[in-house]
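Residue numbers (our numbering): 248 to 324.
Note that CB positions come from ideal geometry on N, CA and C, so glycine has one too.
Encoded as structure tokens, the structure appears first; notes follow it.
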């Protein structure tokens with residue numbers, strides 16, 4: 248096990264409720280207050296598309312989730 252893996256395992260909370268898959272390639276839309284709460288508590292949140300995750304990356308580096316975007320656009324109407 249390399250140092251990077253050890254650091255990630257120490258800093259990332261283990262949560263079996265977090266979903267893996269293609270969703271990791273996208274930036275998701277979620278309630279701003281929930282994102283802030285997650286940053287403080289480390290608890291997973293749910294995106295508009297249903298993806299449950301702990302936001303830890305800069306969303307500007309990823310394309311927007313097409314499902315989240317579609318749902319968000321429908322909510323704005």
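Starting from residue i, trace the alpha helix (DSSP H) in both directions and tell me its first and last residue.
| i | result |
| --- | --- |
| residue 322 | 313-323 |
| residue 301 | First-last for residue 301: undefined, no H or E at that position. |
Going by other Cβ atoms of all chains shown within 10 Å of its Cβ, with 16 needed for buried, is residue i buried or exposed?
| i | result |
| --- | --- |
| residue 308 | exposed |
| residue 290 | exposed |
| residue 298 | buried |
| residue 277 | buried |
| residue 313 | exposed |
query: Quick one: any contact between the stretch 271-286 and the stretch 299-306, if contact means 3 or more CB pairs under 8 Å?
result: Output reads yes: the stretch 299-306 touches the stretch 271-286.
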